[in-house]
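Counted from 1, the sequence shown has number 460 at position 460 by the UniProt record's numbering; the numbering is strictly sequential.
Just so it is clear, CB atoms sit at the ideal spot from N, CA and C, and this is done for glycine as well.
Keep in mind the model is a prediction, meaning the values are calculated, not measured.
Take a look at the structure set out below.
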Amino acid sequence: MDLPETNNYQGANAQKKQPRATSSCAECRRRRVKCEGQTTPCRQCVYYLVPHLCHYPARKRRQNVTLKSHVELAEAYSRAQKVIDTLFPSSSLEELSSMTRQQLLIRLQSYTIPERTMDDISHDSLQVLEPHVEQNFTWDEVSETSSETSRVADDVNGQAFSRQSLNASYLGLSSVPTILRVIVHLRPNVQRRIPEGPQAWRSPSMYSGSPDETSVMQADETSLIDAYFDQIHPIIPMIDEAEFRCRYFTADLAQDETGSWLALLNMVLAMGSMASGSIHLTSHNIFYKRALSYINISSFGSGHVHMVQALALYSGMLLHFFNRPNTATAVMGATIQMAVAMGLHRVQATQAKLDIPAYSTAGTTNTRIRTWWCLLCLDTWASSTLGRPSPGYWNPATVSTTTPSALEAADYATISLACSEQFCRIAARIQERLIQLPLINLDEVKEFDRDLLTWKHSWDDFITNREQGCANTARAILGWRLITTRLTLYRPLLLVTAIRRKAWHELNTNERINLRNCLEIAVDGIDMMCREWSPDQVICWNIAWNLFQTTLVLILCMMSDRNEAEERGCSEYIVRAINLFGRMEPLDPGCTRSRKLLQLLFDNARELESDTLACKEGDWTPSALELLDFDLLGEDIDWFFSGS
1 MDLPETNNYQ GANAQKKQPR ATSSCAECRR RRVKCEGQTT PCRQCVYYLV PHLCHYPARK
61 RRQNVTLKSH VELAEAYSRA QKVIDTLFPS SSLEELSSMT RQQLLIRLQS YTIPERTMDD
121 ISHDSLQVLE PHVEQNFTWD EVSETSSETS RVADDVNGQA FSRQSLNASY LGLSSVPTIL
181 RVIVHLRPNV QRRIPEGPQA WRSPSMYSGS PDETSVMQAD ETSLIDAYFD QIHPIIPMID
241 EAEFRCRYFT ADLAQDETGS WLALLNMVLA MGSMASGSIH LTSHNIFYKR ALSYINISSF
301 GSGHVHMVQA LALYSGMLLH FFNRPNTATA VMGATIQMAV AMGLHRVQAT QAKLDIPAYS
361 TAGTTNTRIR TWWCLLCLDT WASSTLGRPS PGYWNPATVS TTTPSALEAA DYATISLACS
421 EQFCRIAARI QERLIQLPLI NLDEVKEFDR DLLTWKHSWD DFITNREQGC ANTARAILGW
481 RLITTRLTLY RPLLLVTAIR RKAWHELNTN ERINLRNCLE IAVDGIDMMC REWSPDQVIC
541 WNIAWNLFQT TLVLILCMMS DRNEAEERGC SEYIVRAINL FGRMEPLDPG CTRSRKLLQL
601 LFDNARELES DTLACKEGDW TPSALELLDF DLLGEDIDWF FSGS
C-alpha cells in the first residue's frame with residue numbers, strides 16, 4: 001500500500017513548513033552586534049555579563065498588505081455595509097455609531113417588512129419615465145443679449161413643455177418634468193394645445209421700458225446694499241456685513257483684489273435692486289451686466305473669497321432668476337471646487353485667533369465657514385428636484401468645517417444658516433435615496449418625513465417669531481422648501497398610481513394614507529404661499545418655483561382620482577394658485593407661462609368629453625410611447641400594462 005509513503009510525504013512537508021530557527025538572540029539584536037547563534041547563552045551575552053537575557057524568540061511571519069488581502073478587506077467591508085443598509089435603511093453610519101445597543105434594537109423594530117404594494121412591478125416600472133440613457137442631452141440656454149421674453153421657460157423647472165425640449169437636459173424621476181410626462185400619459189392630446197412662440201407667454205412686466213444706465217447709476221447704492229442685507233443676507237449670510245460696508249466706503253483695494261471685489265459689489269447691488277422694490281423691475285440687469293465684466297473663465301483662477309462669494313450669488317441666485325438652471329449648476333460645481341482648493345471644507349472655528357488682518361484675501365474664519373455652508377445650501381436647494389447625483393460634500397468624513405450651529409456668534413444670520421444647513425443635510429440624503437433603485441418604499445418615506453418634521457419643530461425661537469422682520473423672508477422660503485421636499489418623497493406612489501389608472505379605494509391602507517398625505521401637503525403648501533405672498537420680486541420668484549410644482553401635484557391628483565380630489569377641494573386650491581400667478585406676473589416674467597400652462601392643464605383635467613380622456617391601456621400609439629420614452633423597455637412592454 002502507498003499509505004506509509006503518503007504519511008512520510010506529509011510528515012516531510014510539515015517539517016518543511018516549520019519556522020526557520022532564529023540565527024541571533026534577542027539581546028544581540030537589541031545591541032545590533034553579531035551573534036554566533038549556536039549556544040545559550042551566546043558568547044556576546046557572556047561577554048556583556050547579561051547571560052540571563054539571552055534567548056532565541058521564534059520567528060514571526062510578516063503581515064505584509066498584499067493586493068489579495070486588500071481585496072478581501074474591501075469585500076468584507078462591502079458585505080458589512082450591505083447588512084447595515086438592509087437593517088437600517090435611510091440611517092447614516094455616523095448616526096448609528098453613536099447609539100447604544102438598546103437604541104439600535106428600538107430603531108430596528110421600527111423598520112417593518114414592507115408590504116407588496118399594488119405589485120412590485122408597479123414601482124420598478126416608474127423607471128420608464130426617465131429619459132433614455134442613449135439620448136443626446138443638449139440644451140441651449142439663452143445668451144446674455146437675448147430678449148427678456150425668451151427667459152420665461154426652461155426644461156429643469158418643467159416650463160419648456162414641448163416634445164423637443166422636455167428632455168433637453170438629463171432629469172431623473174424626482175424632477176418636475178416627470179409629473180408632466182405622467183400628465184401627458186393620461187391626456188395624450190394636451191401637448192397639442194400648448195401655444196407656440198414667445199408672444200403667447202409675454203407678461204405685463206415686459207411691456208415697460210427698461211431703465212437706462214444713467215438713471216440707475218443715479219440711484220443711491222447704499223440703499224441697495226441695505227436692501228441686500230435686509231432681505232437676501234438672512235437667506236444666505238456668507239458676507240461679513242461690517243467688513244463689506246467698511247471696504248465699500250474706504251475703497252482701499254490692492255491691485256490684485258480689484259476684480260474680485262467689484263464682481264462681488266455689483267452682484268450685491270443686483271440682488272439688492274431686486275429686493276429693494278424699485279419701480280424699475282429690470283434695473284438689476286445693469287448691475288448684473290457690470291458684474292459680468294469682471295467674471296469670466298479666468299475668474300476660477302482667482303483664489304479670493306470675494307470671487308467665490310460673487311460666483312455663489314451668480315450661480316446660486318441670479319442665473320436661476322434668469323431661468324438658466326443648467327448654466328447655474330455648471331458654475332456652482334466649479335465654484336465649490338474652487339472653494340475646496342481654498343480649503344474652505346476644512347475650516348475650524350478654533351482658528352479664530354489667527355484672524356488678525358482686517359482685510360484678508362481668505363476672509364475671517366467665520367466668513368470662510370459661512371461661505372462654505374452657503375455654497376452647499378445653494379447647491380442643494382437648486383438640485384433638490386433634478387434627480388441628478390449629488391457631489392457628496394455633506395459627508396462628515398470628507399468635510400470637517402465647523403457647522404454654523406457650533407459658532408459662538410449666535411446672531412440672526414448664523415441662526416438662519418444653521419437652520420438651512422440642518423435642512424439641507426436631510427434634503428441631500430433624500431435626493432441621494434431617490435436616485436437609487438429599487439424605488440423608495442413607504443417605510444422609508446415615513447422615516448424621512450419624520451426627520452423633516454422633527455427639523456421643523458426644532459426651529460429656533462428667533463426663526464419662528466414673526467415679529468422679527470429680518471427673518472420673515474428666510475423663514476417663509478424655508479417653509480416653502482419644506483413643502484416641496486416633502487412632496488418629492490410622497491410623489492413616486494402618486495405617479496405609479498396615475499400611470500396604472502388605479503382608483504385610490506383599490507389600494508391598501510398604507511398606500512391610501514401615503515396618497516392623502518401627498519394631497520394634504522400640496523393643499524397646505526398652496527394655502528401657505530397664498531397667505532405669505534407679498535409684492536416683492538424675491539418673494540415672487542421663490543414662490544413661483546415652489547407653487548408651480550405644488551399645483552402640478554394637485555392637477556395630477558385630479559386626473560388620478562377625481563372623487564378624492566373633489567372631496568378635498570383641490571379645484572379651489574388650484575384656482576387660488578393660478579390667481580396668485582396672475583398677481584405675480586408684473587413682477588416675474590415666468591409667472592405668465594406658469595399661469596397659462598397650469599390653466600390649460602387644469603381645464604383639461606376637468607373635461608369629461610371622450611376626445612380629451614386618456615386612451616385606454618390597449619389603445620397606445622407609437623407617438624405616446626415615444627413621448628414617454630418607453631423604448632427603455634425594449635420589445636417587452638406588455639408587462640408594464642398588465643393588471644395587478
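Return the CA-CA distance between Gly590 and Lys596, expressed in angstroms with no decimal places.
Pairing Gly590 with Lys596, the inter-Cα distance amounts to about 10 Å.
At the level of alpha carbons, what is the spacing between Pro89 and Glu444?
7 Å
Would you kindly report the start and end of the unbroken alpha helix (DSSP H) that includes Pro325?
For Pro325, the enclosing alpha helix (DSSP H) has its first and last residue at 325-341.
Quick check on DSSP: helix, strand or coil for Trp504?
helix
Where does Thr473 sit, in a helix, a strand or coil, going by DSSP?
The answer is helix: DSSP assigns Thr473 an H, G or I state.
What number of angstroms, rounded off, separates the C-alpha of Thr364 from the C-alpha of His306?
12 Å
If you run the structure through DSSP and keep just helix, strand and coil, what is residue 672?
Nothing about residue 672 can be read from this structure; the chain reaches only from 1 to 644.
How many Å lie between Leu269 and Asn542 at the Cα?
19 Å
Residues in the same chain with beta-carbon distance under 8 Å from Ala544, minus the five sequence neighbours each way, listed in chain order, please.
Cβ within range, chain order: Phe581, Met584, Asp588, Gly590, Cys591, Ser594.
Is the beta carbon of Ala413 less than 8 Å from the beta carbon of His185?
no
For Trp261, is the classification buried or exposed, using 16 other Cβ atoms within 10 angstroms of its Cβ as the cut-off for buried?
buried
Taking the CB atoms as reference points, tell me whether Thr401 and Ile426 lie closer together than 8 Å.
no
Determine the extent of the alpha helix (DSSP H) in which residue 682 is found, giving its start and end residues.
With the chain covering only 1 through 644, there is no way to say anything about residue 682.
Measuring alpha carbon to alpha carbon, tell me which of Leu407, Ser78, Leu344, Pro325 ends up nearest Thr380.
Pro325
Please state the DSSP three-state secondary structure of Cys35.
coil
Across the segment 456-474 and the segment 432-441, are there enough close Cβ pairs to call them in contact, namely three or more that are closer than 8 Å?
The answer is no - the segment 432-441 does not touch the segment 456-474, with fewer than three Cβ pairs under 8 Å.
CB Phe462 to CB Ile539, shorter than 8 Å?
no
Answer yes or no: do Thr327 and Ser175 have a C-beta to C-beta separation smaller than 8 Å?
no
Go ahead and pull the three-state DSSP assignment for Asp561.
Asp561 falls in the coil class under three-state DSSP.
In three-state terms, what does DSSP make of Ser315?
helix
With distances taken from CA atoms, which of Ser383, Asp449, Glu506 is nearest His320?
Checked all of Ser383, Asp449, Glu506; the closest Cα to His320 is Ser383.
In terms of residues, what are the limits of the alpha helix (DSSP H) holding Pro177?
176-186
Does the pairing of the segment 511-523 with the segment 479-493 give three or more beta-carbon distances under 8 Å?
yes
Take the Cβ of Glu95 as the centre, count every other Cβ of all protein chains shown within 10 Å, and call the residue buried at 16 or more, exposed below.
exposed
For Tyr228, name the three-state secondary structure that DSSP assigns.
helix
Apart from the five residues on each side of it in sequence, which residues of its chain come closer than 6 Å, Cβ to Cβ, to Val331?
Cβ neighbours of Val331 beyond the five flanking positions: Ser315.
In terms of residue numbering, what span does the alpha helix (DSSP H) encompassing Asp379 cover?
Asp379 -> alpha helix (DSSP H) spans 365-383.
Taking 8 Å as the limit between beta carbons, can you name the residues of its chain near Leu598, skipping five residues before and five after?
Phe548, Thr551, Leu552, Ile555, Ile574, Ala577, Ile578, Phe581
Rounded to the nearest angstrom, what separates Asp220 and Gln537 at their Cα positions?
19 Å
Please list the terminal residues of the continuous alpha helix (DSSP H) segment that includes Gly303.
Neither: Gly303 is in no alpha helix (DSSP H) and is coded neither H nor E.
Round the Cβ separation of Thr367 and Asp240 to the nearest angstrom and send it over; I've been treating them as touching at under 8 Å.
5 Å
What's the gap between the Cα of His70 and the Cα of Arg79?
Arg79 has its alpha-carbon roughly 14 Å from the corresponding atom of His70.
In terms of residues, what are the limits of the alpha helix (DSSP H) holding Ser390?
Segment: none, Ser390 is in no alpha helix (DSSP H) and carries neither H nor E.
Considering only residues of the same chain and omitting the five flanking positions on each side of Trp459, which have a CB-CB separation below 7 Å?
Cys419
Here's a check: name, in chain order, each residue in its chain whose Cβ is nearer than 6 Å to the Cβ of Ile336, leaving out the five neighbours to either side.
Leu375
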